[in-house]
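S.K.:
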Amino acid sequence: MTAPLKPSDVTVVDVALGDRAYDIVIGRHVLASLGERIAALRPAVRTAIVTDRTVAKHWLEKAEASLSAAGIASSRVIVDEGEGSKSYAGLEQVSEALIEARIERNDLVIALGGGVVGDLAGFAAAILRRGVDFVQVPTSLLAQVDSSVGGKTGINSPRGKNLLGAFHQPLLVIADTAVLDTLSPRQFRAGYAEVAKYGVLGDEPFFAWLENNHADVFRGGSAREHAIATSCRAKAAIVARDERETGERALLNLGHTFGHALEAATGFSDRLFHGEGVAVGMVLAAELSVALGMMAQADADRVARHLAAVGLPTRLQDIAGFAQEGLADADALMALMAQDKKVRRGRLTFILLEALGRAVIARDVEPATVRDFLEAKLAGKK
Ligand SMILES: NC(=O)c1ccc[n+]([C@@H]2O[C@H](COP(=O)([O-])OP(=O)(O)OC[C@H]3O[C@@H](n4cnc5c(N)ncnc54)[C@H](O)[C@@H]3O)[C@@H](O)[C@H]2O)c1
Ligand SMILES: [Zn+2]
């Protein structure tokens with residue numbers, strides 16, 4: 034592992050996907066270089082910035098100033114903030130605005146925002162005129178370390194999350210770590226669960242580094258750049274080997290089978306952010322691994338201890354109102370897990386752990402075992 038960077042440093046992570054390869058540029062204030070970097074790739078291009086209202090308030094003018102300084106024309110498309118915009122209505126609004134802005138085959142869509150804007154603008158770009166290129170400017174921690182990398186784009190159906198979408202890789206990703214200073218502490222923490230995930234699933238030394246340096250990551254010191262760059266490198270490496278998730282990419286779902294069920298049980302509301310569900314889910318996956326005799330208890334304890342240390346929920350009982358509302362029901366959670374798109378023909382696929390830093394895909398986990406495990410957890414047993 035490389036030493037943490039000096040604050041002025043810019044790190045470039047290469048996503049090695051042949052003719053669809055691209056750079057992730059990471060550093061404090063790299064947003065100012067947006068125009069220049071786009072001009073270098075596509076001189077005289079026309080652009081449209083898709084963003085949400087909250088992000089627009091803080092960062093849209095900075096992005097526009099950078100583009101205009103480089104002589105790049107831009108128009109703006111502003112959607113409501115929140116998951117609700119990742120919908121047919123949101124897609125219609127963005128697509129029509131892009132057509133209105135005369136974004137053509139060789140032009141560019143710029144997604145300035147969190148995962149919602151990235152997924153929505155990326156999908157709109159994928160289908161506009163059968164595909165125009167797009168640039169990701171992720172503004173949430175979750176988007177910088179996860180959703181902006183790897184080319185998954187899409188919207189939700191009323192019947193389920195991310196059911197409509199396309200693989201569409203960006204042309205460039207600009208992750209300005211200073212932009213995260215305006216993110217709410219709770220949103221930052223939720224994104225941090227995905228950072229820790231990269232350590233838990235495949236990089237114990239990185240996890241150990243996080244145990245020692247998390248305060249500086251939260252504070253916005255040079256550790257933040259290092260944590261984001263290491264996360265992007267981990268995701269980029271997996272995506273480069275398995276772009277379409279036929280195998281190894283599934284490891285990135287560590288904590289997500291449980292996490293998605295918990296998000297669904299709480300109605301995908303503010304009661305449980307995605308990353309918070311992943312934090313609880315990761316601890317459950319670690320505990321299940323212990324229950325199956327695959328991993329030592331000490332490793333599971335270490336995962337839980339670190340997530341709790343940064344203020345993330347780690348137990349079902351930590352979820353607001355969970356027990357009172359009758360959601361704490363093993364059968365209901367099993368039913369929700371069975372609906373997850375990662376489930377194939379009734380068999381539960383879990384990402385489990387052999388050790389902290391060594392995740393494996395377990396395809397045939399016995400549903401009865403998981404049910405008993407959840408029952409015990411809900412009863413508050415260790
Ligand atoms: N494509 C993928 O591979 C992938 C991976 C993981 C998650 N996702 C998707 O990402 C979405 C979640 O992303 P998210 O957590 O970024 O949510 P989000 O985009 O809704 O952003 C969270 C909130 O933070 C605000 N915000 C964002 N950046 C800000 C900033 N710099 N300052 C102040 N406020 C800011 C937003 O306005 C929003 O209210 C989900 O829809 C999920 O399905 C996609
Ligand atoms: Zn996730």
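Sequential numbering from 34 applies to the sequence shown in the numbering used here.
Even for Gly, the Cβ is constructed at its ideal location relative to N, Cα and C.
Predicted model, so just to flag it, every value in this text is computed and none were measured.
(1) Measure the C-alpha to C-alpha separation of arginine 86 and serine 322 and round it to an integer number of angstroms.
(2) Could you spell out where the alpha helix (DSSP H) holding asparagine 139 opens and where it closes?
(3) Is there a Cβ of chain C sitting closer than 8 Å to that of cysteine 265, yes or no?
(4) When every heavy atom of ligand 2 is checked, does at least one fall within less than 7 Å of the C-beta of glutamate 296?
(5) Tell me whether glycine 183 counts as near ligand 1, meaning its Cβ is closer than 7 Å to at least one heavy atom of that ligand.
(6) Have a look at serine 173 and phenylalanine 406 and give me their C-alpha separation to the nearest angstrom.
(7) Straight-line CA distance for glycine 413 to valine 110?
(8) So is asparagine 139 buried or exposed if we call it buried at 16+ other beta carbons inside 10 Å?
(9) Where does the unbroken alpha helix (DSSP H) through arginine 222 begin, and where does it stop?
(10) Measuring only the C-alpha atoms, how far is proline 203 from tyrosine 121?
(11) With distances taken from CA atoms, which of Asp52, Gly51, Asp47 is nearest valine 58?
(12) What are the residues that DSSP puts in a beta bridge with alanine 98?
(13) Within 7 Å: the Cβ of glutamate 179 and any heavy atom of ligand 2?
(14) Per the DSSP calculation, lysine 185 is bridged to which residue(s)?
(15) Sorry if obvious, but does the Cβ on glutamate 309 come closer than 7 Å to a heavy atom of ligand 2?
(16) Can glycine 232 and phenylalanine 240 be called in contact, C-beta distance under 8 Å?
M.R.: Taking the structure as given:
(1) Locating residue 86 in the sequence shown gives position 53, counting from the first residue. Locating residue 322 in the sequence shown gives position 289, counting from the first residue. Distance between the alpha carbons of arginine 86 and serine 322: 42 Å.
(2) Residue numbering aside, residue 139 sits at position 106 when the sequence shown is read from its first letter. Asparagine 139 -> no alpha helix (DSSP H), and no H or E assigned at all.
(3) As a matter of chain content, chain C is missing from the structure shown, which is built from one protein chain.
(4) Numbered from its first residue, the sequence shown carries residue 296 at position 263. Incorrect: glutamate 296 has no Cβ contact closer than 7 Å to ligand 2.
(5) Indexing the sequence shown from 1 puts residue 183 at position 150. True, at least one ligand heavy atom lies under 7 Å from that Cβ.
(6) Indexing the sequence shown from 1 puts residue 173 at position 140. Indexing the sequence shown from 1 puts residue 406 at position 373. Roughly 34 Å separates the two Cα atoms.
(7) The residue you call residue 413 lines up with position 380 of the sequence shown. The residue you call residue 110 lines up with position 77 of the sequence shown. If you take the alpha carbons of glycine 413 and valine 110, they lie about 48 Å apart.
(8) The residue given as residue 139 occupies position 106 in the sequence shown. It counts as exposed.
(9) Mapped onto the sequence shown, residue 222 falls at position 189. 218-235 is the span of the alpha helix (DSSP H), which, as asked, contains arginine 222.
(10) Start at 1 with the first residue of the sequence shown, and residue 203 comes out as number 170. Start at 1 with the first residue of the sequence shown, and residue 121 comes out as number 88. When rounded, the distance between both Cα atoms is 22 Å.
(11) What you label residue 58 is simply residue 25 of the sequence shown in a count that begins at 1. Nearest of Asp52, Gly51, Asp47 to valine 58, Cα basis: Asp47.
(12) One-based indexing of the sequence shown puts residue 98 at position 65. According to DSSP, alanine 98 bridges with nothing at all.
(13) Counting from one through the sequence shown, the residue named residue 179 turns up at place 146. With the sequence shown as reference, residue 179 is identified as aspartate, and glutamate is not the correct amino acid for it. Yes, the Cβ of aspartate 179 comes within 7 Å of a heavy atom of ligand 2.
(14) In the sequence shown, the residue the question calls residue 185 occupies position 152. Note: lysine 185 sits in a beta bridge opposite Phe200.
(15) By 1-based counting over the sequence shown, the position of residue 309 is 276. No - ligand 2 has no heavy atom lying nearer than 7 Å to the Cβ of glutamate 309.
(16) Within the sequence shown, numbered from 1, the residue matching residue 232 stands at position 199. Within the sequence shown, numbered from 1, the residue matching residue 240 stands at position 207. Yes, they are a contact pair.
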